[in-house]
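S.K.: Sharing a structure below in structure tokens format, with a few things to ask.
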Ligand SMILES: Nc1nc2c(ncn2[C@@H]2O[C@H](COP(=O)(O)OP(=O)(O)OP(=O)(O)O)[C@@H](O)[C@H]2O)c(=O)[nH]1
Ligand SMILES: [Mg+2]
């Protein structure tokens, strides 16, 4: 991940810089503050129920194991991870004061924070990790199940209880939300869906800024290859949850953490090689269950086997043993790379890097423009107001700024403020969500001219809808969609022309 602010917000930031220098005192300060916020890294918050694997995922994203994943009081606290010039943990108290702590001897957030739990607002962790240069990650606690009857299956699905105010604040301040869940939602599981929707409504999340993560898919297939089951399941979940998240990505967070944080030692790999030398039958019995794996007699020490279970779990171990049996000379680095690919994490990273970044760029730019509008409206000097409004107008007139309007109307539709026929709603959401013509038009692999024609056809359909029978609100949405598809067909044709 090594992108600065995206092109749209960079353009708005440029506008702030240009106009800023020609403005009067307080207006100038406000405009320069907007510019500063536009340059801050993307904030992604991780939400989900207790023990779904949120912290494991946070560690994978940072590439270091710093968040406690099993025990410790900080799994009950909101923790922000951001870039800093030295590693530091600040306990931010409710009164705003801070107490700084070092990381513990294993490089993790200390289990004891030395401040009473009730007095803590959140934890602000600064790390020298390069991954954080353009990504701030917020880990949130899964909700306590202590005061909640376990029988209430619907609530158990995503959150065990109501969101606590700290988590709610952290999540609603984020530009993107990743929902982690571990069991599948079916279309007929209405209660689970309702729970999902009510949480997402409270966080004002929508398909534009939210992504679903189907975690622990290694648990799906009883030790066998989970991907033939996980991929179609995730696809149907995405369908069911389409009003809440743009996509559902299946992952094995544990394998991603272990490989990304470099936790597999030479001794671990030696133990795996030792296991790969056993007869196929011995391997099968050993890997049939975690209990058997721990308790059978075997040339690898019990302690070492328990460590492998913590690092890889049964599927990861089976995968590594199979890879080493097939290729005994496989180098350790290559084994780690194979395990990383098997975690499904590359697809998540790609989704965050591309789709999310592009979308949040547009969301940020939109936020920046409306902040500037407000500043223009509030300024005392007419000359300043005019200067700002002119600058905003110049930006909005550019074709690429049409994506801001698209995102705005898609949000209106997904929030239920404007009703559309289901097929059109899907079409609009896809148009607003991506820059990839084949994905938007659902025509993977189609040649340019075919894509251009499909985009033009869509534009025509939306125009027809706008003029015939649509309500004024629908017509406004339809005009934006029409222009969006028209611009898309132009972009595809120009691209094809250059090749
Ligand atoms: N098998 C398997 N275990 C996983 C996976 N992801 C996480 N775990 C394990 O699940 C347990 C809980 O993971 P955490 O990351 O602490 O979950 P969490 O959501 O942060 O938990 P809380 O903060 O306490 O709500 C840990 O023992 C992880 O090692 C996975 O993909 N597969
Ligand atoms: Mg946690």
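Numbering (the numbering used here), first residue to last: 15 to 513. C-beta atoms are modelled at their ideal positions from N, C-alpha and C, and glycine is treated no differently. Because the structure is a prediction, the values reported are computed rather than measured.
In angstroms, rounded to a whole number, what distance separates the CA positions of residue 119 and residue 80?
M.R.: Residue numbering aside, residue 119 sits at position 105 when the chain shown is read from its first letter. Residue numbering aside, residue 80 sits at position 66 when the chain shown is read from its first letter. For residue 119 and residue 80, the distance between alpha carbons rounds to 11 Å.
S.K.: Using only alpha-carbon positions, find the residue among 127, 439, 193 that is nearest to residue 59.
M.R.: For the purposes of this step, residue 59 is taken as the residue at position 45 of the chain shown. Here the closest residue by C-alpha is 193.
S.K.: Please determine, among 401, 390, 493, 410, the residue with the shortest C-alpha to C-alpha distance to residue 438.
M.R.: For the purposes of this step, residue 438 is taken as the residue at position 424 of the chain shown. Among 401, 390, 493, 410, the Cα nearest to that of residue 438 belongs to 493.
S.K.: Could you tell me the distance, in whole angstroms, from the CA atom of residue 163 to the CA atom of residue 425?
M.R.: Within the chain shown, residue 163 is the residue found at index 149, counting from 1. Within the chain shown, residue 425 is the residue found at index 411, counting from 1. Because the pLDDT at residue 163 is just 37, under 50, the model does not fix this residue reliably, and the point stays unresolved.
S.K.: Do you know offhand how far residue 139's Cα is from residue 261's?
M.R.: As a position in the chain shown, residue 139 is number 125, starting the count at 1. As a position in the chain shown, residue 261 is number 247, starting the count at 1. Straight-line Cα distance between these residues: approximately 29 Å.
S.K.: Between residue 47 and residue 386, what straight-line distance do the alpha-carbon atoms span, to the nearest angstrom?
M.R.: Against the chain shown, residue 47 aligns to sequence position 33. Against the chain shown, residue 386 aligns to sequence position 372. Going by the C-alpha atoms only, they are around 10 Å apart.
S.K.: For ligand 1, is there any heavy atom lying closer than 6 Å to the beta carbon of residue 83?
M.R.: As a first step, residue 83 must be located in the chain shown, where it is residue number 69. It does: the Cβ of residue 83 is within 6 Å (strictly closer) of some heavy atom of ligand 1.
S.K.: Return the bridge partner residues of residue 264 from the DSSP annotation.
M.R.: Locating residue 264 in the chain shown gives position 250, where the first residue counts as 1. DSSP lists 228 as partners of residue 264.
S.K.: Tell me whether residue 267 counts as near ligand 1, meaning its Cβ is closer than 6 Å to at least one heavy atom of that ligand.
M.R.: By 1-based counting over the chain shown, the position of residue 267 is 253. Yes, Cβ of residue 267 sits closer than 6 Å to a heavy atom of ligand 1.
S.K.: Measuring from the CB of residue 67, is there a heavy atom of ligand 1 at a distance below 6 Å?
M.R.: For the purposes of this step, residue 67 is taken as the residue at position 53 of the chain shown. It does: the Cβ of residue 67 is within 6 Å (strictly closer) of some heavy atom of ligand 1.
S.K.: Between which residues of its own chain and residue 102 is the CB-CB distance below 7 Å, once the five residues before and five after are set aside?
M.R.: Along the chain shown, one-based indexing puts residue 102 at 88. Excluding sequence neighbours, residue 102 sits near 114, 140.
S.K.: Is any heavy atom in ligand 1 found nearer than 6 Å to the beta carbon of residue 230?
M.R.: Start at 1 with the first residue of the chain shown, and residue 230 comes out as number 216. Result yes, Cβ under 6 Å from ligand 1.
S.K.: When you compare only the Cα positions, how much space is there between residue 108 and residue 151?
M.R.: As a working note, residue 108 is residue 94 in the chain shown. As a working note, residue 151 is residue 137 in the chain shown. Distance between the alpha carbons of residue 108 and residue 151: 21 Å.
S.K.: Which of helix, strand or coil does DSSP assign to residue 20?
M.R.: Within the chain shown, residue 20 is the residue found at index 6, counting from 1. Coil.
S.K.: Give a yes or no on whether the C-beta atoms belonging to residue 255 and residue 243 are separated by under 7 Å.
M.R.: By one-based count along the chain shown, residue 255 stands at place 241. By one-based count along the chain shown, residue 243 stands at place 229. Not closer than 7 Å, so no.
S.K.: Taking 6 Å as the line, does the beta carbon of residue 196 fall inside it for any heavy atom of ligand 1?
M.R.: The residue you call residue 196 lines up with position 182 of the chain shown. No, the beta carbon of residue 196 sits no closer than 6 Å to any heavy atom of ligand 1.
S.K.: Going by the DSSP bridge assignment, what does residue 60 pair with across the sheet?
M.R.: Residue numbering aside, residue 60 sits at position 46 when the chain shown is read from its first letter. Its beta-bridge partners are 153, 192.
S.K.: Using only CA atoms, which one of 63, 53, 501 lies nearest to residue 210?
M.R.: Reading the chain shown from its first residue, position 196 is the one you call residue 210. Of the candidates 63, 53, 501, the one whose C-alpha sits nearest the C-alpha of residue 210 is 63.
S.K.: Shorter than 7 Å from the beta carbon of residue 457 to some beta carbon of chain D?
M.R.: No chain D is part of this structure, which consists of one protein chain only.
S.K.: Based on Cα-Cα distance, which residue from 44, 38, 26, 69 lies nearest to residue 52?
M.R.: The sequence position of residue 52 within the chain shown is 38, counting from 1. Of the candidates 44, 38, 26, 69, the one whose C-alpha sits nearest the C-alpha of residue 52 is 26.
S.K.: For residue 355, count neighbouring C-beta atoms within 10 Å of its own C-beta (all shown protein chains included) and say buried if the count is 16 or more, exposed if not.
M.R.: On the chain shown, residue 355 is found 341 positions in, with the first residue counted as 1. Classification for residue 355: exposed.
S.K.: Would you call the stretch 244-253 and the stretch 466-476 touching, i.e. three or more CB-CB distances under 8 Å?
M.R.: No, they do not touch.
S.K.: Looking at the secondary structure, which residues open and close the beta strand (DSSP E) in which residue 142 lies?
M.R.: Along the chain shown, one-based indexing puts residue 142 at 128. Note, residue 142: premise wrong, no beta strand (DSSP E); not H, not E.
S.K.: At a threshold of 6 Å, does residue 234 count as lining ligand 1 (C-beta to nearest heavy atom)?
M.R.: If you number the chain shown from 1, residue 234 lands on position 220. No - ligand 1 has no heavy atom lying nearer than 6 Å to the Cβ of residue 234.
S.K.: What are the start and end residues of each continuous alpha helix (DSSP H) run of 4 or more residues lying completely inside the stretch 288-359, in chain order?
M.R.: The qualifying runs are 294-300, 304-309, 316-340, 346-356.
S.K.: Could you check if residue 393 is buried or exposed, using at least 16 other CB atoms within 10 Å of its CB as the buried criterion?
M.R.: On the chain shown, position 379 is the one that residue 393 refers to. Flag for residue 393 reads buried.
S.K.: Taking the alpha-carbon positions, what's the residue 505 to residue 326 distance?
M.R.: Indexing the chain shown from 1 puts residue 505 at position 491. Indexing the chain shown from 1 puts residue 326 at position 312. Their Cα atoms are separated by approximately 45 Å.
S.K.: What's the C-alpha gap between residue 93 and residue 61?
M.R.: By 1-based counting over the chain shown, the position of residue 93 is 79. By 1-based counting over the chain shown, the position of residue 61 is 47. Computed Cα separation, rounded: 12 Å.
S.K.: Determine the extent of the beta strand (DSSP E) in which residue 107 is found, giving its start and end residues.
M.R.: Taking the chain shown and counting its residues from 1, the one referred to as residue 107 is at position 93. Element bounds for residue 107: 102-107.
S.K.: Quick one: what does DSSP say residue 159 is sitting in, helix, strand or coil?
M.R.: Sequence index remark: in the chain shown, residue 159 carries index 145 (1-based). Any reading at residue 159 must be qualified, since the residue scores a pLDDT of 39, below 50, and its modelled position is unreliable; the value itself is stated next. Here residue 159 sits in coil by DSSP.
S.K.: Taking the alpha-carbon positions, what's the residue 512 to residue 433 distance?
M.R.: Along the chain shown, read from residue 1 onward, the residue named residue 512 stands at position 498. Along the chain shown, read from residue 1 onward, the residue named residue 433 stands at position 419. Those two C-alpha atoms are separated by around 39 Å.
S.K.: Which same chain residues, not among the five before or five after residue 484, have their C-beta less than 6 Å away from its C-beta?
M.R.: The residue given as residue 484 occupies position 470 in the chain shown. 492, listed in sequence order.
S.K.: Near residue 299, which residues of its chain fall below 6 Å by C-beta distance, leaving aside the five closest residues on each side in sequence?
M.R.: Along the chain shown, one-based indexing puts residue 299 at 285. Excluding residues within five positions, none has a Cβ falling inside 6 Å.
S.K.: Once the 5 residues before and after residue 391 are set aside, which same chain residues still bring their CB inside 8 Å of it?
M.R.: Counting from one through the chain shown, the residue named residue 391 turns up at place 377. Only 399 meet the Cβ criterion.
S.K.: Which residue from 143, 65, 415 puts its Cα closest to that of residue 100?
M.R.: Taking the chain shown and counting its residues from 1, one reaches residue 100 at position 86. Considering only alpha carbons, the answer is 143.
S.K.: Give every residue of the same chain whose Cβ lies closer than 6 Å to the Cβ of residue 35, excluding the five residues on either side of it in the sequence, and list them in chain order.
M.R.: Residue mapping note: residue 35 aligns to position 21 of the chain shown, counting from 1. Result list for residue 35: empty, nothing under 6 Å.
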